[in-house]
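Below is one structure, written out as structure tokens; comments come after it.
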Amino acid sequence: MIRGWYIGASGMNAQQNRLDAISNNLANVDTTGFKKDIPVSKSFSELLVRRTVADGIYKTSLGSNDVAPIIGTIGLGVETNELFTDFDQGSFKSTETNTDLALGGKGFFVVDTPDGERFTRNGNFLLGKEGILLTKDGYPVMGENGPIKVEDDKFFVNQDGMVINKENNEIADRIKLVRFENERYLKKQGNSLWNTNEIAGEYHIAEGNERPKVLQGYTETSNVNVVNEMVQMIEVNRAYEANQKTIQTEDDMMDTLWDKVVTVNL
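Here this note's numbering is used: the first residue of the sequence shown is 36, the next is one more, and so on.
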């Protein structure tokens, strides 16, 4: 019975983690370039349950043989294995603003932060006082030759990421778009930024077919489906209640057991 408490408690913890992820997804439904998180759970190893007299030896009882049957298996609970980020493409929203950029396909913009280079899908940029393209948090957007600098907001960006000044038709720079070998292991750092690690590996400049298309005057919306998230939230609440009732039932059974034992001993 004590095992039942732990199984129910582990289920409640797993559902709480799911609820946290769903809540965060819903909170960022309007965040440009946001990618939803999906919690992945794994079960603990199962326990093989045998009859008390089952020791693998034939038993003779009233002229019949007992082959030491196995009752079955019982799970030992569940835990959250990882928080998986779904990088599916979001839809495009037209803004008709030259500093807004969206990526069609997998890949990331590179921005320069005080902690080093970070990566984002949020192309809701603005033009700084010195003509440098910045994120909303004031981080410079990187080109292949450094921070992207233009004369004014009257510039053109083609699908390959070439930034062209309209006044003199000169190429200012090419937007630095990068890819990773294991993008699923990138870590979110808040403010629509990702950071790499040993598992995700070092980035490389996206070229050819793996290079995403750059769309000027558009932003990428989050890939969160509100209806699906609300349905999952209902599922989580019901699963949480079921695990809670399991613990309550186990507790009632334990109370009954102790009452019977005390009664017999008295």
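No residue lacks a Cβ here, since even glycine has one placed at the ideal position from N, Cα and C.
Just so it is clear, the structure is predicted and the values come from calculations on it, not from any experiment.
Beta-ladder partner(s) of residue i, from DSSP
i, result
"Thr155", "Phe144, Leu228"
"Thr120", "Asp72"
"Arg214", "His239"
"Phe127", "Glu255"
"Leu169", "Leu161, Pro175"
"Thr115", "Ser76"
"Val192", "Val198"
"Val249", "Leu138"
Beta-carbon proximity list for residue i, same chain, < 8 Å, skipping 5 on both sides
i, result
"Ala44", "Gly112, Asn278, Ile282"
"Val261", "Leu61, Val64"
"Val271", "Gln50, Arg53, Leu54, Ile57"
"Lys280", "none"
"Thr120", "Lys70, Lys71, Asp72, Ile73, Arg219, Leu221, Lys223"
"Ala241", "Gly142, Leu212, Val213, Arg214, Pro247"
"Gly166", "Lys184, Val185, Glu186, Asp187"
Supposed close pair residue i, residue j - CB separation, criterion 8 Å
i, j, result
"Glu255", "Gly158", "7 Å"
"Leu168", "Val185", "7 Å"
"Gly140", "Lys211", "Incorrect: roughly 15 Å between the Cβ atoms, too far for contact."
"Leu161", "Thr134", "6 Å"
"Gly311", "Glu285", "No statement about residue 311 is possible, as the shown extent of the chain runs from 36 to 301 and does not include it."
Residue i in three-state terms, based on DSSP
i, result
"Ser78", "strand"
"Val259", "coil"
"Leu138", "strand"
"Gly186", "Before going on, a small fix: residue 186 reads as Glu here, not Gly. Glu186: coil per DSSP, three-state reduction."
"Asn278", "helix"
"Ala89", "Its pLDDT being 47, under 50, Ala89 is placed unreliably by the model, and the measurement read from it follows with that caveat. The answer is coil: DSSP assigns Ala89 none of H, G, I, E or B."
"Lys223", "strand"
"Asn200", "strand"
"Thr284", "helix"
"Ile234", "coil"
"Val64", "coil"
"Lys295", "helix"
"Arg209", "strand"
"Ser99", "Reliability of the predicted coordinates at Ser99 is poor, the pLDDT of 48 falling under 50, and no value is obtained from them."
"Gly181", "strand"
"Asp290", "helix"
"Asp150", "coil"
"Asn133", "coil"
Beta-carbon contacts of residue i that lie in its chain and below 6 Å, excluding the five residues immediately before and after
i, result
"Thr67", "Asn157, Asn159, Thr254"
"Tyr238", "Val213, Phe215"
"Ile42", "Gly112"
"Lys77", "Asn116"
"Lys189", "Lys201"
"Gly125", "Glu255, Thr256, Ser257, Asn258"
"Gly163", "Leu169"
"Asn180", "Asp208"
"Met268", "Ile57"
Proximity below 7 Å, CB of residue i to CB of residue j
i, j, result
"Phe191", "Ile199", "yes"
"Thr115", "Asn52", "yes"
"Gly151", "Arg214", "no"
"Ser227", "Thr155", "yes"
"Arg153", "Asn258", "no"
"Gln251", "Leu138", "no"
Own chain, CB closer than 7 Å to residue i, minus 5 neighbours either side, in chain order
i, result
"Met197", "Ile206, Arg209"
"Met47", "Tyr275, Asn278, Gln279"
"Leu118", "Ala56, Asp72, Pro74"
"Asp147", "Tyr174, Pro175, Met177, Pro182"
"Lys128", "Tyr253, Thr254, Thr256"
"Glu245", "Arg214"
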